[in-house]
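Working notes, structure below.
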Amino acid sequence: MLKIMVIALFTLLLSSASFKASAFDSFEAFLTRPGSLTDNLLSVIRAAKEGNAESQYILARLLYIGYGVKRDKINAEKWLDKAVDARFIDAVYMKGLIILQNEESYNSDSKYGESLMLLLAKDDHVDSIKFLAHAYAIGDVLPLNPQKSNDLYHQLFKFKPRDAVNQAIESFATAIGLYRVNNDNLIEQYRQSLFVWHKKAIEFEEYKRCSSVAYAYQDTETQTAWRYFCKNAGQRDHQLSLELTDSEVLLSTKQQEMVRIKAQWLKQNAPDNYKDIPPPL
Numbered sequence: 017m018l019k020i021m022v023i024a025l026f027t028l029l030l031s032s033a034s035f036k037a038s039a040f041d042s043f044e045a046f047l048t049r050p051g052s053l054t055d056n057l058l059s060v061i062r063a064a065k066e067g068n069a070e071s072q073y074i075l076a077r078l079l080y081i082g083y084g085v086k087r088d089k090i091n092a093e094k095w096l097d098k099a100v101d102a103r104f105i106d107a108v109y110m111k112g113l114i115i116l117q118n119e120e121s122y123n124s125d126s127k128y129g130e131s132l133m134l135l136l137a138k139d140d141h142v143d144s145i146k147f148l149a150h151a152y153a154i155g156d157v158l159p160l161n162p163q164k165s166n167d168l169y170h171q172l173f174k175f176k177p178r179d180a181v182n183q184a185i186e187s188f189a190t191a192i193g194l195y196r197v198n199n200d201n202l203i204e205q206y207r208q209s210l211f212v213w214h215k216k217a218i219e220f221e222e223y224k225r226c227s228s229v230a231y232a233y234q235d236t237e238t239q240t241a242w243r244y245f246c247k248n249a250g251q252r253d254h255q256l257s258l259e260l261t262d263s264e265v266l267l268s269t270k271q272q273e274m275v276r277i278k279a280q281w282l283k284q285n286a287p288d289n290y291k292d293i294p295p296p297l
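According to the working numbering, the residues represented by the sequence shown are 17 to 297, in order.
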């Protein structure tokens, strides 16, 4: 109970204070810093002891992976927590990531990690938005929440539209693949989200993972039509080529022609959902 109260209090403090901006790629900058590793490490340790949050974060990462120092996760956590207390963005993100990736089930610890990520996402921290959006979509480290996922991808779209398009398509297609068998209502939610995002893909001429959108369609022929559309639009990935080869072998000449007609229609019209697609001729 005490642990939960401490977590709640700390979360409240974080939410009521602004995060300190991190140096751009601070850890990577340390790795490429001129001079000897020993001198640079001593400098970071000295600054960390003096209360510099960025140095505390860098030292935590060095200890966590054992770079230049003996690997020590216990001390890494202690230095990381100091940087988190100072609301250093990279440290808060790392703390949330460590918690969520190491918990086997959703519990009070993972809820704390989730709250850290959500606070960062609220301040438009791109990496937190990406992580949460995918996690909510597939229900892996966080409870399944397709609506939250979709909202976060729309938030990401304001800053990185192409990333949002590609990752939303990948997440929702993956979710359909995972839940196709036993939850029709859930699949329908993901289908509708996929249609929204594949329209955006067309607008941006962004076709990465284009063939994944085929999952949004219920009938095999329309799935194949979508793959033809991707091909016509310029997608040339290896997986798509294999899918098209398999489809051409499986479909009769008449079916192939019907698919081509559908593919042409898809190229000119982005349907609101699969019900808008004209029936086979």
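Think of the CB as a built atom: it goes at the ideal place given N, C-alpha and C, for glycine as much as any other residue.
These numbers come from a predicted model, not from an experiment.
- Judged by pairs of C-beta atoms under 8 Å, the stretch 169–189 does not touch the stretch 121–128, as fewer than three such pairs exist.
- With 16 or more other CB atoms across the displayed protein chains lying within 10 angstroms of its CB, residue 135 is buried.
- Taking the Cα of residue 151 as reference, the smallest distance to any Cα among 138, 166 and 139 is reached at 166.
- Here residue 117 is actually not in contact with residue 95; their C-beta atoms are around 19 Å apart, not less than 8 Å.
- Each residue's CA atom was taken as its position, placing residue 156 and residue 65 some 37 Å apart.
- Taking each of 153, 207, 205 and 211 in turn and checking the Cα distance to residue 187, the smallest one comes out for 153.
- Residue 80 has its alpha-carbon roughly 40 Å from the corresponding atom of residue 216.
- With fewer than 16 other Cβ atoms inside 10 Å of its own Cβ, residue 201 counts as exposed.
- Only residues of its own chain outside the window of five on either side were considered, and among them 111 have a CB closer than 8 Å to the CB of residue 97, listed in chain order.
- By the 16-neighbour rule on beta-carbons within 10 angstroms, residue 148 is buried.
- Counting of Cβ neighbours within 10 angstroms places residue 49 among the exposed residues, the total staying below 16.
- Fully contained in the stretch 130–189 are the following alpha helix (DSSP H) runs of length 4 or more, in chain order: 142–154 and 162–173.
- Judged by DSSP in its simplified three-state form, residue 112 adopts helix.
- By the 16-neighbour rule on beta-carbons within 10 angstroms, residue 45 is exposed.
- Rounded to whole angstroms, residue 122 and residue 132 show a C-alpha spacing of 15 Å.
- For residue 205, same chain residues with a beta-carbon under 6 Å away, outside a window of 5 residues either side, are 162 in chain order.
- Under the three-state reduction of DSSP output, residue 91 falls in the helix class.
- Check the Cα spacing between residue 75 and each of 60, 193 and 170: the tightest is with 60.
- Nearest in C-alpha terms to residue 209, of all of 164, 138 and 101, is 164.
- Per DSSP, residue 86 lies in no alpha helix (DSSP H) segment and is marked neither H nor E.
- A straight-line Cα-Cα distance of about 47 Å links residue 67 and residue 212.
- For residue 48, the secondary structure class from DSSP, reduced to helix, strand or coil, is coil.
- Judged by their CB atoms, residue 168 and residue 137 are nearer to each other than the 9 Å cut-off.
- With a cutoff of 9 Å on beta-carbon distance, residue 104 and residue 77 are scored as not near each other.
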